[in-house]
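Below is one structure, written out as structure tokens; the observations come after it.
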Amino acid sequence: MLTFQSKKQTTMKKLLYILSFSALLGSCTSDSEFLDREPTNILGQEETFNRPDLVLSVLADLYNRYYDFGTVEDWSSLAQFNVAFWSEAGRYGEFQNGGWGYGAWGTWDYGYIREMNLFLERLEQSTELEASEQARFMAEGRFLRASYYFTMVKRMGGVPIILESKTYDFSGDATYLRFPRNTEAEVYDFVIAEAEEVMNDLPASADVKSRATKAAALAMKARAALYAGSIAKYGQNTPSVSLPGGEIGIPASRADGYYQQALSAAQQIIDGNAGNYSLYLKDEANLSNNFAALFYDKSNNPEVIFVEDFMLQSGKAHGFTIANQPRFGAEEEEGGRINPALNLVQSFETLEGEYKPLPIMDGSGDYILYDDPQDLFANRDARLEGTVIVPGSTFKDRETDIWAGVQLKDGTVISGDSRGQQKEVPGSDGPIQVVGFDGPIDGVEFTAQTGFYIRKYQDPKAGSGQRGVRSDVWFVRYRFAEVLLNAAEAAFELGQNELAANYINRVRSRAGITTELTATDINFNRIAHERYVEFAFEGLHFFDLKRWRIADKVLDGISMEVDDLLSNIGDATKRRTQPYGLWPYKYFNPGDPNNGDWLFKIVKPNRVTGADRFQLGNYYSEINQDILTNNPLIVRNPNQ
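Residue numbers (UniProt numbering): 1 to 640.
This is the structure in structure tokens:
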């Protein structure tokens, strides 16, 4: 909001400035004394690190720069790898190329690491803080530093572990500032050890979400150990993805040790040793709404462990809902960018726990007609409609208008090239609407080009779709369901299938699935599938593909056919190189009892012309040439 000052106010301010400056000059007896005065508007290091409020302010900046894959502030990062199509014309190229450059997803921010090292060093010198305050601040700083090393090792492999600030002495010789890469195992070991060492100096409270807690440290330890164990075990399937010095690759002999660490850390959270956490279950009458609410309900949410938080009117809010809400009737008519793929949608099982393609045709090859478009998705895992907005469903109490056209009795389809367009149709009494106000219309951006919108992380509050308001939905980094599934995977890898089934069934029960898994049902495909549907659009899927060494199989560069889409549901290595869609049509045949019913057709958006190929050199991001040039001790990543 603009404000204006009167001429009198402006004159008064000038006078105050002159008087203040004159007083300052009058208090100095010489030029040198004036120049040597300590600034009164800058806090010194000693004062900053002896006051808890100022330490917290510095720490808040480090939290605010927490960096990892996927965030609501960058919607496309949550929707990569063909779990969705991006309905934005400027991004169609993502579906027309053959994969990614070697530098994709890389990070190498040693400036951030230096600032965290300086924070810890200066905090350690503090003499005025209470011992408990100082210990907690130290633990938080170490947690954040370990978190970024975890981010780096997931993307880059082994990196130099530098735990103290370094300063150039201007001697002309900077060789003492050059460090070689630690091994990949050493970086994982560091992250795990730091989590273990700091956790008891952090609060064991489920009420704390945006700062590090004992549970957050344990959750990081469990995830890091699980990832390391996977690389040790499954890295043997891609032997060329390694370096002789161990900067890339972890010995297979270490797999079980890492899995045991992951299981033990997860069980401490599960058993309540780090606070009272549980699966979110406030709306048992509607488990889909319940699952969606998990990601925006900030009131006594028992599942969320650690988040990046946002707050309206604080200067920190985001536009995820603006970018992705259903377009029709939305505030400012904005949204529609993430269009979940049919590849993901049909991966959600039936409530009886069966993998089945969505029933769009009968045994004779005729389209099945539905009274309501939402009926097609009935009797499915509740996480489906908690993750995806399907045709016929509502958002902010407004029903979506997703349909691609009308189909006549003879099979003729009549559609339009603009949202909600009307046309004359044989048998109608005048122009009628022939396409939904949400599309889908092939190639028209911000419409549901796959037939779906995203629901996860959408903010249902009024105003969240307005640029002047935006959203304060938090971004969840660790939650209890992941802890359960991490424990299940570790238990499976250790041969404890009954325990794994127990943990997985807890998550599936919350999704309304009625058939429990037994120990004999647990295998790698089951583990991978459960994570795929539970964590869709949360930034974890990519690292699962990498650590299991199946990314080059799932994203093999081969174009998909419909049979690829419909077969082998639940297979972890199933091809997913292109996103498909499912379009609803209205059956138009006045006088027929089925007039106005709905049928569905599988489509591939016309803008999808490429097929993603994940190369062996993509398992670890390329280290920039300037880094290699400046530090000859850094070795290049393999296959690049």
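For glycine and all other residues, C-beta sits at the position ideal for the given N, C-alpha and C.
Kindly identify the DSSP beta-bridge partner or partners of residue 689. This structure cannot speak to residue 689, because the chain is shown only from 1 to 640.
Cβ-based neighbour list, N443, same chain, cut-off 7 angstroms, excluding 5 preceding and 5 following: The amino acid at residue 443 is misidentified as Asn; the sequence shows Gly. Correct list, in chain order: N606 and R607.
Go to L555, then tell me how far its beta strand (DSSP E) extends in each direction, as first and last residue. Neither: L555 is in no beta strand (DSSP E) and is coded neither H nor E.
Compute the distance between the beta-carbons of I368 and P357, then report whether it is under 8 angstroms. Not in contact: I368 and P357 (Cβ atoms no closer than 8 angstroms).
Could you tell me the distance, in whole angstroms, from the CA atom of T518 to the CA atom of Q640? Computed Cα separation, rounded: 43 angstroms.
Excluding the 5 residues flanking N301 on each side, which residues of the same chain have their C-beta closer than 8 angstroms to its C-beta? For N301, where only same-chain residues beyond five positions count, the Cβ hits under 8 angstroms are K209, Y280 and L294.
Would the beta-carbon of A224 fall within 8 angstroms of that of F150? Their beta carbons are under 8 angstroms apart, which means A224 touches F150 by this criterion.
Under the three-state reduction of DSSP, which class applies to S6: helix, strand or coil? In this predicted model, S6 has a pLDDT of only 36, less than 50, meaning its place in the structure is not dependable; the value taken from the coordinates is given anyway. Coil, per DSSP.
Does the pairing of the stretch 296 to 312 with the stretch 206 to 220 give three or more beta-carbon distances under 8 angstroms? These segments touch.
In three-state DSSP terms, what is M311? In this structure, M311 counts as strand in the three-state DSSP scheme.
Neighbour-count burial assignment, P638, 16 or more Cβ in a 10 Å radius: By the Cβ-count criterion, P638 is buried, with 16 or more other Cβ atoms from all chains shown falling within 10 Å of its own Cβ.
Exposed or buried, G335, counting other C-beta atoms within 10 Å across all chains shown (16 or more means buried)? That one is buried.
From what residue to what residue does the beta strand (DSSP E) around P340 run? Residues I338 to P340.
Would you tell me roughly how many angstroms separate the C-alpha atoms of D410 and G416, rounded to the nearest one? The alpha-carbon atoms of D410 and G416 are separated by roughly 19 angstroms.
Evaluate V562 with the Cβ neighbour count: other Cβ atoms within 10 Å of its Cβ, from every protein chain shown; 16 or more gives buried, anything less gives exposed. Around the C-beta of V562, fewer than 16 other C-beta atoms lie within 10 Å, and the residue is accordingly described as exposed.
Does the beta-carbon of R508 have 16 or more other beta-carbons within 10 angstroms, so that it is buried, or is it exposed? Counting every other CB atom within 10 Å of its CB across the protein chains shown gives R508 a total of 16 or more, marking it as buried.
Of the choices G101, E133 and P160, whose alpha-carbon is the least far from that of I113? Per the Cα distances, P160.
Would you mind giving the Cβ-Cβ distance between N324 and Y453, rounded to the nearest angstrom? I have them listed as a contact below 8 angstroms. So it is a contact: roughly 7 angstroms between Cβ atoms.
Enumerate in chain order the residues of its own chain whose CB-to-CB distance from M12 is below 7 angstroms, with the five nearest sequence positions on each side excluded. At M12, the pLDDT of 37 sits below 50, so the modelled position is not reliable and the matter cannot be decided from this model.
Using 8 angstroms as the Cβ pair cut-off and three pairs as the minimum, do the stretch 472 to 485 and the stretch 247 to 257 touch? No: fewer than three Cβ pairs fall under 8 angstroms.
Which partner residues of H318 appear in the DSSP bridge assignment? Beta-bridge pairing links H318 to S471.
Give every residue of the same chain whose Cβ lies closer than 8 angstroms to the Cβ of F437, excluding the five residues on either side of it in the sequence, and list them in chain order. Only R327, F328, G329, D401, R419 and G420 meet the Cβ criterion.
Pairwise C-alpha distance: K461 and M1: Reliability fails at M1, whose pLDDT of 32 lies under 50, so the model's placement of it is uncertain and the value that follows must be treated cautiously. Their backbone Cα atoms lie some 23 angstroms apart in a straight line.
Cβ shell of S20 (< 8 angstroms), same chain only, five flanking positions each side left out: With a pLDDT of 38 at S20, under the threshold of 50, the modelled position of that residue is not reliable, and no figure is offered here.
On the criterion of 16 or more Cβ atoms from any shown chain inside 10 Å, does R337 qualify as buried, or is it exposed? Burial call: buried.
Test item: CB-CB of V153 and P340 under 8 angstroms: Pairing V153 with P340 gives a Cβ-Cβ distance that is not under 8 angstroms.
Hey, A404 and P584 are a contact pair by Cβ (cut 8 angstroms); roughly how many whole angstroms apart? Contact between A404 and P584 holds: CB atoms are separated by about 7 angstroms, below the 8 angstroms threshold.
Between the Cα of F291 and those of N618, K316, D366 and I389, spot the shortest distance and give me the residue it belongs to. Cα-wise, what sits closest to F291 is I389.
Identity of the residues DSSP links to F437 by a beta bridge: BP columns for F437 are empty, so no partner.
Taking all protein chains shown into account, do 16 or more other C-beta atoms lie within 10 angstroms of the C-beta of A23, making it buried, or fewer, making it exposed? With a pLDDT of 38 at A23, under the threshold of 50, the predicted position of this residue should be treated as unreliable, though the coordinate-derived value follows. The residue is exposed, with fewer than 16 neighbouring Cβ atoms inside 10 Å.
For G99 and G557, the rounded distance between their alpha carbons: G557 and G99 have their C-alpha atoms roughly 8 angstroms apart.
Report the partner residues of Y370 according to the DSSP bridge assignment. Y370 is bridged by DSSP to W598.
Should R547 and I322 be called a contact, given that it needs their Cβ atoms to be closer than 8 angstroms? Contact annotation: R547 and I322 have beta-carbon atoms that are not nearer than 8 angstroms.
Could you tell me whether the Cβ atoms of F179 and L633 are closer together than 8 angstroms? Contact: yes.
So, using beta-carbon positions, are N343 and Y532 closer together than 8 angstroms? The Cβ atoms of N343 and Y532 do not sit closer than 8 angstroms to each other.
CB-CB length for T387 against A536, believed under 8 angstroms: Contact annotation, T387 with A536: C-beta distance approximately 5 angstroms; criterion of less than 8 angstroms satisfied.
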